[in-house]
Structure formats: structure tokens, C-alpha cells
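Remarks on the structure that follows.
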Amino acid sequence: MGVRVRFAPSPTGFFHIGGARTALFNWLYARHVGGKFILRIEDTDRERHVEEATDVILSGMRWLGMEWDEGPEVGGNYGPYFQSQRNKIYEEYLEILRKGDKIYERDGAIYFRVSGEPQLIDDLIRGPVHRMEEKDFVIFRSNGTPVFHFVNVVDDAAMEISHVIRGEDHLSNSSKHVELFKAFGMPVPKFAHIPLILKTNGSGKMSKRDIGALVEDYRGKQFLPEALRNYLCLLGWSPKDDREIMPIEEVIRLFDLRDINKNNARFDDKKLAHMNAAYVKSMPLEQFLERGRNLLPDSKLAGEYGDQVLAICQEKLRSFEELNHFVSYFFNEDFEYDREVWSDLRKRDPVLRIGEFLAKIENMEGFSEEKLEEIVVKLAETYGVKTGDYIHGVRFALSGRTVGPSFYRMMLVMGRERVLKRLKRALVEIEKWK
RNA sequence: GUCCCGUUCGUCUAGCCUGGUCCAGGACACAGGAUUUUCAUUCCUGCAACAUGGGUUCGAAUCCCAUACGGGACGCCA
Numbered sequence: 014m015g016v017r018v019r020f021a022p023s024p025t026g027f028f029h030i031g032g033a034r035t036a037l038f039n040w041l042y043a044r045h046v047g048g049k050f051i052l053r054i055e056d057t058d059r060e061r062h063v064e065e066a067t068d069v070i071l072s073g074m075r076w077l078g079m080e081w082d083e084g085p086e087v088g089g090n091y092g093p094y095f096q097s098q099r100n101k102i103y104e105e106y107l108e109i110l111r112k113g114d115k116i117y118e119r120d121g122a123i124y125f126r127v128s129g130e131p132q133l134i135d136d137l138i139r140g141p142v143h144r145m146e147e148k149d150f151v152i153f154r155s156n157g158t159p160v161f162h163f164v165n166v167v168d169d170a171a172m173e174i175s176h177v178i179r180g181e182d183h184l185s186n187s188s189k190h191v192e193l194f195k196a197f198g199m200p201v202p203k204f205a206h207i208p209l210i211l212k213t214n215g216s217g218k219m220s221k222r223d224i225g226a227l228v229e230d231y232r233g234k235q236f237l238p239e240a241l242r243n244y245l246c247l248l249g250w251s252p253k254d255d256r257e258i259m260p261i262e263e264v265i266r267l268f269d270l271r272d273i274n275k276n277n278a279r280f281d282d283k284k285l286a287h288m289n290a291a292y293v294k295s296m297p298l299e300q301f302l303e304r305g306r307n308l309l310p311d312s313k314l315a316g317e318y319g320d321q322v323l324a325i326c327q328e329k330l331r332s333f334e335e336l337n338h339f340v341s342y343f344f345n346e347d348f349e350y351d352r353e354v355w356s357d358l359r360k361r362d363p364v365l366r367i368g369e370f371l372a373k374i375e376n377m378e379g380f381s382e383e384k385l386e387e388i389v390v391k392l393a394e395t396y397g398v399k400t401g402d403y404i405h406g407v408r409f410a411l412s413g414r415t416v417g418p419s420f421y422r423m424m425l426v427m428g429r430e431r432v433l434k435r436l437k438r439a440l441v442e443i444e445k446w447k
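Below is the structure:
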């Protein structure tokens, strides 16, 4: 029997980061052992917007690069993969319980009769866990719909799921599930209860109301999916050799359930941001340009000039979310000057420096990085100040800020005419501030 | 309250199974510093942890027990 694992989200309209991590560990395990990864939508008892809500999950899964072998839109031999379409199967399984005298009715609901014996939960991460169910529990509501414990087990049994990999919040439920598997006369799968993801601040597990809890938010904020995925891999698992940023193929090669941690992990958005930055910087230029072009302030501006701007910004950029702001002044002659930064700059005599630099540019021949650097170095020598004084002042004049891409390359991309124009404009503007 | 799971730097973790090489390693964050090209980049340095108490042992982060703390489950939610 091959390995068959599944991710079984409920279409709530959100794709929670904890769910994504559960999906990821299932996916990694399936890919590691060459098994099947199944996606099943647990949409019982939900009338509203199931389609859109399902789509949030499907597109989130695809965005993170977790393709499924069976499930919505791809089919498979164990369908349907929506619980709302599996009522006939549930009736059949209910019949098995009825024949075995395992159920009874009360207040219109159907209850499962527990055995009163401790059940073994064979957990690959935690070792054997014993737990006893003390109370009979409802498997069909009085309105005729089946409840989670029932459909979850029926589907896992019917779909021949070999390993149930899910959050630790289900560990206590597992004794119910083991009883059901046995009552159906079906083999009990292996379990692997993975640790929970806790809030960055405060106590408790992350919930959809927490900031940064939704996959679609990261997508909206232009995170690189590879970076988020890489970060998620490291929440509860590690390659054990100090590597952190690693290609997914390598993670797949090394991943194993036995190496998953037992304790919960706190979500750290700073580390995620760091990882995203590392991925942004290491992107092949062509890929970086392709992605960056769509995020420029005005798509009409994309072109050779746009590409040049993007190319010099890659090494400084930490996320695509800030790209627009980072490059805006390249495309706008009326950019704002950051007056706050200006006050810090004043001790460097920026007006003097800008004026001296302007005079040199007006008379220079050729316009290259080397020539520009030569000018700055000579000026600094002549007036006995630091090169940084020129760089800071002139950068401010050209962009209104003191941070940005490599100074000389920035001017090269802007071109001599634009540089001259901006230096003059800056001097006029600054005059007004006095 | 009952039951289940867990506890190494602020955070993510390595080491624990197979006790000595660990006065505990890496990363993020933070703090300093460097690159005579500024910086939100890169590099270097520093800070910082085996929850507590017992036991086993020549020796315990590593094995056992208890306590404390954290998390989860106890729904006709999933």
C-alpha cells in the first residue's frame, strides 16, 4: 500500500497560515515518499459562497506551489472530493454502524456508542498516546447532517488515507476517530499530530483574526511564495544542519515525519521578512524584472528605462511591497522632499555640496560611474570633507531622500540632463525653506 | 474542573533516542563595528538558554519521578 495523505480544509473564506503549514507538511511527506497528496473540501453544513471560499484555498495552494494529485479540478478515483457531494457514502457507512448496533437516536440526533476502553493513537511524532472516550457523541445532527468526526473518518477510510497529518488540536479528537475506524471495521491510519503555530504576541494559537494569519494577505503584500513556504517549512521542522534558506527540492529530499518537533512554535514575522528579503535579492535578474515591471507606479513607464531602474534596485530591496515607493522618484519629476531627513542632513552643508557638485556636472565630459565617482572624490579632497557629504546631499537633491540604490548607478540611470534639472530644482526649493 | 500534549538564548531551532567531545552550535531580532560609495544591502563582533526540585550514574541538556508553567481538547463547529 502506498502512502496517501490528505489536506481537508473547510471553506471558510480564508486560507489560514496554520492550515497552509498543515497542507505543506502533508505535501512534503507525500512528495518525499512518492505517495499521493489528496485535497478534500469539508463543506458539510455550509450553504453560502462555498465556491468562492473554496477558490481562496485552491488558489492559495497553487500560489504556494502545492499541487494535489487528487481533489477539486483534478479528479481522482476516490471522488467526489467535496463532502457535500458524498451523502450516499455517508449513508452507507452509517448503515454499517447501525448493523453493528453502534448507534442510537436521541432528541432526533444520532449518537455513536463509545466502547469505554482506552484507544491507542499511534502517533509518529509523539509516540503512542492512550486516551479514552467517556461520552457517546453525536454523528448526525437532528437536522440530518453528519458532523465532522463522522465524515472525516468515513472519508479517510473510503479514500484509503494511510497517514493522517494534522494539527495537534485534533489529538484529543483522535480517540473518537480511532473508535469509529474500528466500528467500521476499517484499518486505523497512522497519525502525525503536528505542533500548533502560536500568535506572535500574546497567548494562544494563531487565529484568523491575528495580523499575518492569512495566506492571501502575504500574496497581497507581494511576498514571494517560495519565501513564505520556506519559512513555514522551518516552523516545527529543520534539516538539522543549520541550513535555513533552501530549495524546496532539498526540503522534500530530507523531510520526514519523525523529525517534526513536538512543541508549538511562535510565528515570527521578522524572520519571515528576512527570508523574503533573501529570496528577493537572490532572484535571477530576468525574473526580478518580470515581477517588478507589473508593480511600477505606472505600467506605461515600463520599458528600457524601467528595467534599468529595477535592475539597480534589486540589491537594496527587501520586499516587492515597497518597490513602488522605493522607485517612485525615478518616474516623477515633482517628487516630494523628505523634510525630516533634511534637518538631519543640514550639518553636512548640503546646499554648498550640491552647488559644488552641480558646477562640476555642468562642465563634465562624458557621463559614467567612474567619472562621477572621480568628481565626488576630488571635490571631497578639495574642500576637505567626506565623500559621504556629497553623496547624502546630492542624493537628497535628486530623490528627496537619503536612501536608495547605488548612488552612481542611480545618476547614470537618471541621465545627465535629468540630474542637472533636479539639482537646480532642489536648490530653488531649499531656498524657500529658510 | 477532567483528559491529552509540550517545556534549550526574546523568537525559530541543533544537540536528547544511542549519558561524557556542550562552561550548549546556527538563524532572526537587538547592540556595537567595518567596507576612504551614503543606506534599508553585505561582512565582522557582542549579548543571550538547558523551567524548578528530587532521583539514577563516576558523570545528565540528554534517562526516571514530582512540581510549576505553556498549549490543546472536552459542541447537534470544523
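In the working numbering, the protein residues as written are 14 to 447. We put the CB at the ideal spot given by N, CA and C, even for glycine. All of these numbers come straight from a predicted model, not from anything done at the bench.
- Phe125 has its alpha-carbon roughly 9 angstroms from the corresponding atom of Phe163.
- If one requires a minimum length of 4 residues, the alpha helix (DSSP H) runs lying completely within the segment 185-243 are 187-197, 228-233, in chain order.
- Put simply, the backbone Cα of Ala278 is about 41 angstroms away from that of Asp311.
- The straight-line gap separating the alpha-carbon atoms of Asn345 and Asn337 is approximately 12 angstroms.
- Annotation: Glu83 to Pro297 spans about 33 angstroms, alpha carbon to alpha carbon.
- Trp81 counts as buried, since at least 16 other C-beta atoms from the protein chains shown sit within 10 angstroms of its C-beta.
- In this chain, the beta strand (DSSP E) harbouring Glu118 covers 116-119.
- Under the three-state reduction of DSSP output, Glu263 falls in the helix class.
- Taking a 10 Å sphere around the C-beta of Thr35, we find 16 or more other C-beta atoms and assign the residue as buried.
- Bridge partners of Met145 according to DSSP: Pro131.
- Under the Cβ criterion (8 angstroms, minimum of three pairs), the segment 133-142 counts as touching the segment 194-206.
- When DSSP states are grouped into helix, strand and coil, Val177 belongs to the strand group.
- Residue burial annotation: Tyr403 is buried, with at least 16 other C-beta atoms found within 10 angstroms of its C-beta.
- Contact between the segment 411-422 and the segment 323-332 is present, with at least three C-beta pairs closer than 8 angstroms.
- Within the same chain, His206 come within 6 angstroms of Leu184 by CB-CB distance, once the 5 residues on both sides are set aside.
- Three or more pairs of CB atoms, one per stretch, sit closer than 8 angstroms, so the segment 170-190 contacts the segment 18-38.
- Annotation note: the segment 243-308 contains the following uninterrupted alpha helix (DSSP H) runs of length 4 or greater, listed N- to C-terminal: 261-267, 282-294, 298-306.
- In the DSSP assignment, Glu83 is bridged to Ile51.
- Residue range 150-153 is occupied by the beta strand (DSSP E) that includes Ile152, with no alpha helix (DSSP H) assigned at that position.
- The closest CA to that of Trp40, considering only Phe348, Ile374, Phe28, Ile261, is found on Ile261.
- Counting only the Cα atoms, Lys148 lies some 13 angstroms from Ile123.
- The shortest C-alpha to C-alpha distance from Pro238 to any of Ala171, Met288, Ser412 is the one to Met288.
- Cβ neighbours of Leu411 within its own chain (closer than 6 angstroms, five residues either side excluded): Arg435.
- Looking at the DSSP output, Ile102 sits in no beta bridge, so it has no partner there.
- Within the model, the alpha-carbon separation for Tyr117 versus Arg111 is close to 8 angstroms.
- Taking C-beta separations shorter than 6 angstroms and ignoring five residues to either side along the sequence, the partners of Phe268 in its chain run Leu41, His45, following chain order.
- In this structure Leu371 is not in contact with Arg242, their Cβ atoms being roughly 49 angstroms apart against a cut-off of 8 angstroms.
- Between the C-alpha atoms of Asp120 and Ser155 there is a straight-line separation of about 7 angstroms.
- Residues Val69, Ile70, Gly73, Leu227, Val228, Glu229 of the same chain have their beta carbon placed closer than 7 angstroms to that of Phe28, with the five preceding and five following residues left out of the count.
- When Met377, Phe409, Val398, Ile367 are compared, the shortest CA-CA separation from Glu353 is found for Phe409.
- Spanning the alpha carbons of Arg144 and Val127 requires a straight line of approximately 12 angstroms.
- Annotated as proximal: Pro85 and Leu52, with beta-carbon spacing under 8 angstroms.
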